RNA sequence: GGGCGGCUAGCUCAGCUGGUUAGAGCAACCGGUUUACAUCCGGUAGGUCGCAGGUUCGAGUCCUGUGCCGCCCACCA
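Numbering (this note's numbering), first residue to last: 122 to 1034.
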């Protein structure tokens, strides 16, 4: 009889498509509003919104697989799981992207009006912005796309602007003329976080400035930026620097454009660097700017916004780019006789993360945020209201908050949230009296003009958990169930955006909710309770994936070739906690092999008989328990152990291991190990014999397999949703169109116990001994062995029951057994609770086995010596805990016995040692 | 200049509060199977736990120092 109806292998492309459709059709990705209202507990994850300009990469795959696992598992626990998805408008990148796109169509963005440009950008976004989210569907992500949010959506924008206005009203946002990081390519200010430093080899030039009133006498300064000399407004020295006491209060000539500038004293100058004298260019250096402020110096901005020099830099440099201007300025200085010397110098240069060019410290008028409630943001993490996994990132977070600088919020771009500030037309913009700050603008709008700048993209991202859930609009918050889903449960993201995003979300949340919700505890207003930091996906040589190296695989192609489940398996199983991931396609092959094996285990089950018509867990357990034997009991216990361990590793809750959770890899490994080693290699092999010889137990045997498979499929479902769903259907475990991730995990421990399926201590020992004996006997069975098994019962041993004897022989390959009085001393033997086993040997010890016995003997003697030494040590006996001492005693006893046995064998073989 | 992480088998990593003979997967090697398993199973070998001290009855695990590798932060022109 052949019941097999399944294909031979898992055809993932058909199944993925069919299954996806079915999940969507049945609404299994939608949030169950009825359930929320009925009081079920709620679980939410905010997906880090991919940029609209983004291209799907391995990092997305990993990050979203992990979130998907958490969400599906939450559903399986019976919680109402909500996974917020959406996209980020991606300020600068998007503007650059669209400009490029327009250029390729022969259109010049710079000649367009704001409105015209935005129309193009919006069209581009609507066409391309969601691509990643759609591609993620291929991976199986179960987020609810009907609730996706884009950061420029009306409601969300409203939230962002409301945040700005509120922060302004509370005095945290101010407008100021200060030095900012200027990107000369994008022609906008950027935040400190968008600048990374790179060590660059350059020169330190020593330049002399002649004193105005004492020709022939000079003061020398050192600089790396001679092109900014035109911006010099003073020379500063440290007030305690005795070398320069005479120079103070005098004036010297700026070499070019030639002009007299004062020599001043300021504490900020380092005596030990260079000559100890510093040229002050307030428009081109943050330190100089501060010094300038203190001494009321003018600001001479010698540079244009595109990084070229202007007239103030001297007419020789005007219009020349800053790089070329540096070379030129040195030539000029040399001609003027002002260049004293030059030496190689290595310095840290700020690079714009966006355009890759050196940033320019530039004086400009911008909006800044003085971070509010840093104390609360710190406490949230320090006091454990938000927990980081791995924990060490807490230090990075706290350190950043401790050294925080004001945040330059405004960007000189078109794409983004336009700053909600209006200036009275024709009036002084410096004067706050002429400002209007609100979401809707002034009533007499004809008298006002709006600020042309937009907000930093990350400012809007900081509101993600608030804005997506409808804050600050009461009605929206009600329909989006803010009160149920906030605080969200877990944030899954990369440690590289702790500053950009994580810390800022916390800051905004505690600032706004701390005020609105009076009397609430900090733990109720944080945006998320846990943050899981993923590693960076690197190639198998540990290199960062990059286009130029060509080492970044195309995720879609991988999904095409291996299937989503294999890709997910491969990613998860190469994810160590808190370290970077070395991606190797080999892991995807392992994933595929695992899928094939899982598929075939289920196929084998169906080959033995039709699927059960019991589709509920309870009757499945009952059927499995009816007539179960010691092996079934042991399997049930092992299943429970895997069930519990796997869940604890992922979901936490283990005893004495409080912080251990989110161990995706270990959790999956536990299941794989159970499936392969316990279920397939032992239990199914045992069942093959059982099905052949014990026809009357077939029903129970298959029921037991069903119980194990259905539990396993459920546990694996979050990791590999497609194949498990398909097998679940094929095996008839659920009702038609039932989404596996919505089927609640059973209370397995209770059910097994209630049905007397769990093994006793004795049974566990027996099966362990059985499997040990099987392993050892297999190991010593030569290939093609056709002798028989010798069995010698010892006086102290327990009876070797039929229930162990028959399966043992069957699993050894159906060899015969001979009961003997005594196992000969010269053969390798296996000791079990039932007696001593050996394979009948035709000849004496081979050289090989002789060597083995000698090795074993040496090891036994080492152990004997080690344990004797311990037990002879009075301090050890006095101080070590009882169980450790007993362990040592047992070890000694066992090894002494082993030694005797091995010696006996060697003697029996006539060998002398 | 600060800070963080890594260094355990050829490779990638486990190893929780110090306690039996340091583990897994992959690769290697040997053997078997190809009527569940585009495979699978069984087995073998492989480690002075970066180095040096210290604490302890006992250290991969704790402390101190140190060496490499990587990352982050920092206004010395």
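Ideal Cβ placement from N, Cα and C applies to all residues, glycine included. Source: prediction; values computed, not measured.
- If you compare the alpha carbons of 571, 723, 181 with that of residue 547, the shortest gap goes to 571.
- Counting along the chain, no beta strand (DSSP E) covers residue 644; the unbroken alpha helix (DSSP H) around it starts and ends at 643-646.
- For the 8 angstroms CB-CB criterion, residue 341 and residue 329 form a contact.
- The count of Cβ pairs closer than 8 angstroms, one atom from the segment 811-823 and one from the segment 656-664, stays below three, leaving the stretches out of contact.
- Beta-bridge partners assigned by DSSP to residue 941: 913.
- Within the DSSP secondary-structure output, residue 509 pairs in a beta bridge with 652.
- Out of 211, 132, 996, the CA that lies nearest to the CA of residue 578 is found in 211.
- The three-state reading of DSSP puts residue 163 in strand, counting E and B together.
- Out of 208, 387, 862, the CA that lies nearest to the CA of residue 360 is found in 387.
- DSSP places residue 996 within a helical segment (H, G or I) once states are collapsed to three.
- Residues 985 of the same chain have their beta carbon placed closer than 7 angstroms to that of residue 1017, with the five preceding and five following residues left out of the count.
- Proximity to residue 274 across 486, 589, 800 peaks at 589, based on C-alpha coordinates.
- Within its own chain, the residues whose Cβ lies closer than 6 angstroms to the Cβ of residue 510, once the five positions on either side in sequence are excluded, are 653, 783, listed in chain order.
- Judged by DSSP in its simplified three-state form, residue 342 adopts strand.
- Within the segment 455-481, the complete beta strand (DSSP E) segments of 3 residues or longer fall at 460-473, listed in chain order.
- Taking all protein chains in view, the Cβ of residue 379 is surrounded by fewer than 16 other Cβ atoms within 10 Å, so the residue is classified as exposed.
- The C-beta distance from residue 423 to residue 318 rounds to 24 angstroms, too long to fall under 8 angstroms, and the pair is not in contact.
- Residue 166 places its beta carbon 8 angstroms or farther from that of residue 197.
- Residue 383 has 372 as its beta-bridge partners, per DSSP.
- Note on geometry: alpha-carbon atoms of residue 565 and residue 287 lie some 22 angstroms from one another.
- Within the segment 790-858, the runs of alpha helix (DSSP H) at least 4 residues long that lie entirely inside it are, in chain order, 806-814, 819-837, 842-851.
- For residue 689, the three-state secondary structure derived from DSSP is helix.
- About 5 angstroms separates the CB atoms of residue 377 and residue 435; that is less than 8 angstroms, so the two are in contact.
- Residue nearest to residue 391 within the set 512, 343, 500, 176 is 343 (criterion: CA-CA distance).
- Beyond the five residues adjoining it in sequence on each side, residue 818 comes within less than 7 angstroms, by CB distance, of 748, 811 in the same chain, given in chain order.
- Membership of residue 439 in any beta strand (DSSP E) is not indicated, and neither H nor E is assigned to it by DSSP.
- Between residue 426 and residue 308, the beta carbon gap of about 5 angstroms places them in contact (Cβ cut-off 8 angstroms).
- Residue 737 is classed as exposed because its beta carbon has fewer than 16 other beta carbons within 10 Å across all chains shown.
- With a 10 Å radius around the Cβ and a threshold of 16 neighbouring Cβ atoms, residue 677 comes out exposed.
- Here DSSP, grouped into helix, strand and coil, assigns residue 782 to coil.
- Between residue 938 and residue 909, the CB-CB gap stays under 8 angstroms.
- By the C-beta density criterion, residue 262 is buried, having at least 16 other C-beta atoms within 10 angstroms.
- The C-alpha of residue 990 is placed about 33 angstroms away from the C-alpha of residue 945.
- For residue 612, there is no enclosing alpha helix (DSSP H); the enclosing beta strand (DSSP E) has its first and last residue at 609-614.
- For residue 520, the uninterrupted alpha helix (DSSP H) segment begins and ends at 514-523.
- For the 8 angstroms CB-CB criterion, residue 687 and residue 716 form a contact.
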